[in-house]
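S.K.: Position 153 of the sequence shown, counting from 1, maps to 887 under my numbering, and the rest follow consecutively. Backbone N, C-alpha and C define an ideal beta-carbon position, used for all residues, glycine too. These numbers were taken from a predicted model, which means no experiment stands behind them.
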Amino acid sequence: MSSSDLVQKIKQLEDKAKFEKERADKAVAEVAKLKNENEKLKVDMEVMRLKLENFELKQQLARPKSEIMLPIPQATPVVQQKSLVPSKSNIVIPPIQTVPPAAASKPIIPPIQTKASEPESSSKLALGPMKHKHLLQSLEGVKVDGETYTNTKFISSVVLFDPVISSGVVRFEVQDTMGLIKVGIADWSIIYGPKEHPGSKGWEKISFYDCEGKMGHFGGTKKGLRPFYGQKYRIAMELNMMSNPRYIAYYCDNKLLKVYDEQIPQAVRFWAYFSENNAQFTITQFESLPKPTLEKA
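1) Over the uninterrupted beta strand (DSSP E) stretch that includes F969, give me the two end residues.
2) Can you check whether the CB of K916 is closer than 7 Å to the CB of P932?
3) Considering Cα atoms alone, identify which of E780, K992, I998 is closest to L1073.
4) Quick one: grab the DSSP three-state call for D910.
5) Have a look at the DSSP bridge pairing and note the partners of F1020.
6) In this structure, does DSSP put V893 in helix, strand or coil?
7) Among the residues of its own chain, which have a CB less than 7 Å from the CB of E1010, if the five just before and after it don't count?
8) Let's see if you can read the secondary structure: which residues bound the beta strand (DSSP E) around A1006?
9) So is P999 buried or exposed if we call it buried at 16+ other beta carbons inside 10 Å?
10) In the DSSP assignment, what are the bridge partners of E943?
11) Does the distance from the CB of Y967 to the CB of C986 come in under 7 Å?
12) How big is the Cα-Cα spacing for E854 and V892?
13) Tell me which residue opens and which closes the alpha helix (DSSP H) that V765 is part of.
14) From this set, V1002, L991, F952, T911, which residue's C-alpha is nearest N1012's C-alpha?
15) So, are the CB atoms of I924 and K939 less than 7 Å apart?
16) When you compare the CB positions of S1022 and G902, do they come within less than 7 Å of one another, or not?
17) Considering only the beta carbon of each residue, do R1003 and W922 sit closer than 7 Å?
18) Please classify E996: is it buried, with 16 or more other beta-carbons within 10 angstroms of its beta-carbon, or exposed?
19) Determine the DSSP secondary structure at G954, reduced to helix, strand or coil.
20) My assumption, with CB atoms under 8 Å, is that F895 sits in contact with G918. Please give the rounded CB distance.
21) Applying the 10 Å Cβ sphere with the 16-neighbour rule, what's the burial state of S900?
22) Would you decide whether G954 is buried or exposed? Buried here means 16 or more other CB atoms lie within 10 Å of its CB.
23) Can you grab the Cα-Cα spacing for the pair D759 / K785, in whole Å?
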């Protein structure tokens, strides 16, 4: 074989190897693309499920309590009416005629209807520690160990919690181990996805207290309050859904910082937010109280 044939053969082999490499790279890219699409599909399905649950809850909350059917007075059985008529009479008086129209009393309306538009009282909510669960759509970057939540990557994560709070007095407290940025409440209709921050759905839909001592309440902000960054403070929020108006009180190490009694939605969820690697917080209290801590006029 001549040198020119050998060179041509080597070139052919190189071209073939290049073609095979390109084909392999293309196959790897296709596999990665399919994997990403599958992950996105899972997230989309979870989002759809949560939106459906929220829609159903919204329907329930929007249903007027006045729809509760009142008990309809039962007509007095004829056999009892006969006992009121002299035995020598064969006339059976219909029940409606036993009471003169002028003396007929109005139907007694059950007390529940008089409070149809008011928040449910604390008696409707079982007192003591409340069962709760996070609504993280993905655990990528977040480790959950009992009541402790740890950020394992530099990923923004808003940890939203069920149940929805719509009645009673409820206190939510967390211990900031390291790197907790914000805590707050959000309108019940909000669901956060992966890598979102608290304002992703609109600052006008949340109330918060952040590590720099700034507070925001459904669009408004206030600065100059006690910061808690890196100090391992216990941060608490106490919701009073029985008062009129409803209010939320913020605490840092049991010291009252601020009370907001405007724009509290009919139903909300608690949340906590971190984004730094190894940031961590622990839920120390999620409890329904018999009465508010704050003696508010």
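M.R.: To lay it out plainly:
1) Here residue 969 refers to the residue found at position 235 of the sequence shown. As written in the sequence, residue 969 is Ile, which differs from the Phe given in the question. Under the DSSP assignment, I969 falls in the beta strand (DSSP E) whose first and last residues are 968–974.
2) Translated into positions along the sequence shown, residue 932 becomes position 198. Translated into positions along the sequence shown, residue 916 becomes position 182. Yes, Cβ-Cβ distance for P932 and K916 is below 7 Å.
3) Because the chain spans 735 through 1031 in this model, residue 1073 falls outside it and cannot be assessed.
4) Here residue 910 refers to the residue found at position 176 of the sequence shown. D910 falls in the strand class under three-state DSSP.
5) Reading the sequence shown from its first residue, position 286 is the one you call residue 1020. Its beta-bridge partners are F906.
6) Here the question's residue 893 lines up with position 159 in the sequence shown. The DSSP-derived three-state label of V893 is strand.
7) The count along the sequence shown starts at 1 and reaches residue 1010 at position 276. Here the set comprises N885, F888, G913.
8) Taking the first residue of the sequence shown as position 1, residue 1006 is located at position 272. Where A1006 is concerned, the enclosing beta strand (DSSP E) stretches over 1002–1008.
9) Here residue 999 refers to the residue found at position 265 when the sequence shown is read from its first residue. Classification for P999: buried.
10) What you label residue 943 is simply residue 209 of the sequence shown in a count that begins at 1. Checking the sequence shown, residue 943 turns out to be Tyr, not Glu. Answer is V917, M949, bridged to Y943.
11) By one-based count along the sequence shown, residue 967 stands at place 233. By one-based count along the sequence shown, residue 986 stands at place 252. Yes, they are a contact pair.
12) Here the question's residue 854 lines up with position 120 in the sequence shown. Here the question's residue 892 lines up with position 158 in the sequence shown. Low confidence applies to E854: its pLDDT is 37, below 50, so where it sits in the model is not reliable enough to give any reading.
13) The count along the sequence shown starts at 1 and reaches residue 765 at position 31. Residue range 737–796 is occupied by the alpha helix (DSSP H) that includes V765.
14) For the purposes of this step, residue 1012 is taken as residue 278 along the sequence shown, with counting starting at 1. Ranking the options by Cα distance to N1012, first place goes to T911.
15) Counting from 1 along the sequence shown, the entry for residue 924 is found at position 190. Counting from 1 along the sequence shown, the entry for residue 939 is found at position 205. By the CB criterion at 7 Å, I924 and K939 fall inside the cutoff.
16) If you number the sequence shown from 1, residue 1022 lands on position 288. If you number the sequence shown from 1, residue 902 lands on position 168. Cβ atoms of S1022 and G902: closer than 7 Å.
17) In the sequence shown, counting from the first residue as 1, residue 1003 sits at position 269. In the sequence shown, counting from the first residue as 1, residue 922 sits at position 188. For R1003 and W922, yes; Cβs fall inside 7 Å.
18) Taking the first residue of the sequence shown as 1, we reach residue 996 at position 262. Flag for E996 reads exposed.
19) Within the sequence shown, residue 954 is the residue found at index 220, counting from 1. G954 falls in the strand class under three-state DSSP.
20) The sequence position of residue 895 within the sequence shown is 161, counting from 1. The sequence position of residue 918 within the sequence shown is 184, counting from 1. About 11 Å separates the two Cβ atoms, so there is no contact after all.
21) Taking the first residue of the sequence shown as position 1, residue 900 is located at position 166. Classification for S900: buried.
22) The sequence position of residue 954 within the sequence shown is 220, counting from 1. Only exposed fits G954, as fewer than 16 other CB atoms lie within 10 angstroms of its CB.
23) Here residue 759 refers to the residue found at position 25 of the sequence shown. Here residue 785 refers to the residue found at position 51 of the sequence shown. In this structure, the CA atom of D759 is about 39 Å from the CA atom of K785.
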